[in-house]
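**Student:** Dropping a structure here in structure tokens format, bear with me for questions.
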Amino acid sequence: MSDENDVINPPKIIGLFLSVFGFAVLVAIAFTPTFSGRITNLICGTVILIVSGVFLWMSKKQP
């Protein structure tokens, strides 16, 4: 009844959510008034995108 495409892959879902959130933080750099806020957004957005990439990579490795 269920086939291979119906399986929910939690690392893929988490990775996609984090990547959208990471890009939103990077877009927020344009609207941040202070230099320290821009650097903080840049570092946080980059770290979030790296973590989301690891989650997406892990989702490909799962059987």
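Take the sequence shown: its position 25, counted from the start at 1, is 203 in the numbering used here, and no numbers get skipped. Glycine included, C-beta positions come from ideal geometry on N, C-alpha and C.
(1) Using alpha carbons as the reference points, say which of G193, I186 and P189 lies closest to L227.
(2) Closest by CA to F199, which one among K239, I191, G223 and F213?
(3) Which of helix, strand or coil does DSSP assign to T210?
(4) Is the separation between the beta-carbon of A206 and that of N187 shorter than 8 angstroms?
(5) Provide the residue span of the alpha helix (DSSP H) that contains V203, from first to last.
**Tutor:** Looking at the atomic coordinates:
(1) Taking the sequence shown and counting its residues from 1, one reaches residue 227 at position 49. L227 has its Cα closest to that of G193, out of G193, I186 and P189.
(2) Numbered from its first residue, the sequence shown carries residue 199 at position 21. Answer by Cα proximity: G223.
(3) To locate residue 210, count along the sequence shown from 1; it is residue 32. Coil, per DSSP.
(4) Looking up residue 206 in the sequence shown gives position 28. Looking up residue 187 in the sequence shown gives position 9. Not in contact: A206 and N187 (Cβ atoms no closer than 8 angstroms).
(5) Counting from 1 along the sequence shown, the entry for residue 203 is found at position 25. Looking at the DSSP string, the run of the alpha helix (DSSP H) that includes V203 is P188 to V205.
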